[in-house]
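So for the sequence shown, the numbering used here puts the first residue at 114; every next one is plus one. The beta carbon of each residue, even a glycine, is placed where N, CA and C say it ideally should be. It should be emphasised that the depicted structure is a prediction, and the values quoted were computed from it without experimental measurement. Single-structure report; data block below.
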Amino acid sequence: MKSSIVNSIKSLPALSKTILDINKVYADNESSVNDLARVIEPDPMIVANLLKAANSPLYGFGKEIRNVAQAVSLFGMSMTRSIAIGNSVRKLLNVDMKPYCVTSDDFADVSAKQAKLILSWYSTINKEKADRLYLAAFLQETGKILISSDIIQEDEDVSFASEIDMTNNIAQVEKSYADVTTAEVTAAVFEHWGFDAEFIEMIKYSDNPSAAPESVKEYATALNIVKTIVPINKPFADASINFGLRKARDAGYDYEVLEDMLDEILDAMEAN
């Protein structure tokens, strides 16, 4: 990993007290959604982002969500935690995604769509695994923020953007410019912030699931499939979907279940 990116990771500020409190409530088996809502309510930024997500067509709750308690109740503890952490991380890292040819809002939208897809898909396979994967899917593109910053500093954003716009292998382009991939940077970021080893490893190996330790191989494979279907440059494009479905079939999944799930998500997006 380039020393400039390593230094950027080392200099990252600590996560906010609210995020630390959210993690503490989430880890406590005796905690309730009301406990989580109480922790979130004093933080206006997290409240605003949570309500924005709750009223997004992506989740299709069908009614206006006006307060934190409603949002937490509808999302559940796992999804609420993921949304809160995801938005806080992006705020800390000062998002400029110009080298990836997207805005910061586009970037957030792709992250949300990856998370939504993996939750919908994996809930039909194993609900507990779906909850573990949701946070990883929501945050797995975080490393792009630091790579983007490095590309801008090196004044390579125009040529990088040109290659990103055309490629079907974003990790390969990242490796050629920054000597590192998003998955590797993201894993290092969350290791810096003290996240658990399973979470870090499932993201770290998501570009190369076959090399993953057996304990996280399934998770890394699922994350790889989802980011293949919803890449930052061609989310839900026909080629992206076909490539992702082929990966799912080759990995032994019932790809028709995933295909049906994609149809439902795309229909819901078109309706809104």
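Cβ-based neighbour list, Val-138, same chain, cut-off 7 Å, excluding 5 preceding and 5 following: Taking Val-138 as the centre and dropping the five residues before and after it, the same chain places the C-beta of Ser-144, Asp-148, Leu-149, Val-152 closer than 7 Å to its C-beta, in chain order.
Nearest neighbour of Asp-156, chosen from Pro-126, Gly-173, Ile-122, Ala-197 [CA to CA]: For Asp-156, the nearest C-alpha among the options comes from Ala-197.
Rounded C-alpha distance that separates Asp-367 from Ala-361: Per the coordinates, the alpha-carbon of Asp-367 lies some 7 Å from the alpha-carbon of Ala-361.
Spatial distance of Ser-186 from Ala-167 (CA atoms): Between the alpha carbons of Ser-186 and Ala-167 lies a distance of about 11 Å.
With 16 other Cβ atoms within 10 Å as the buried cut-off, status of Arg-179: Classified as exposed, Arg-179 has fewer than 16 neighbouring CB atoms from the shown chains inside 10 Å of its CB.
Contacting residues, own chain, Cβ-Cβ under 8 Å from Val-329 (five flanking each side not counted): Taken in chain order, the residues that qualify are Glu-311, Glu-314, Met-315, Tyr-318.
Boundaries (first-last residue) of the alpha helix (DSSP H) holding Asp-263: Looking at the DSSP string, the run of the alpha helix (DSSP H) that includes Asp-263 is 256 to 266.
Supposed close pair Gly-256, Val-298 - CB separation, criterion 8 Å: Gly-256 to Val-298, Cβ: 3 Å. Contact.
Collapsed DSSP secondary structure at Trp-234 in the structure displayed: Assignment of Trp-234 by DSSP, reduced to helix, strand and coil, places it in the helix class.
Within 8 Å, strictly: CB atoms of Ile-135 and Arg-194: Remark: C-beta atoms of Ile-135 and Arg-194 approach each other more closely than 8 Å.
3 or more residues per run - each beta strand (DSSP E) lying fully within the stretch 275 to 323: At a cut-off of 3 residues, not a single continuous stretch assigned as beta strand (DSSP E) sits fully inside the stretch 275 to 323.
Cβ-based burial, Val-293 [other Cβ within 10 Å; buried from 16]: Counting Cβ neighbours within 10 Å, Val-293 comes out buried, since at least 16 surround it.
Simplified DSSP assignment, three categories, for Ala-127: In this structure, Ala-127 counts as coil in the three-state DSSP scheme.
Assigned secondary structure, Ile-227 (DSSP; H/G/I helix, E/B strand, else coil): The question names Ile, but residue 227 in the sequence shown is Gln. Helix.
Gln-253 classed as buried or exposed, judged by whether at least 16 other C-beta atoms fall within 10 angstroms: It is buried - the Cβ of Gln-253 has at least 16 other Cβ atoms within 10 Å.
Element boundaries [alpha helix (DSSP H), containing Tyr-332]: Its alpha helix (DSSP H) spans residues 327 to 342.
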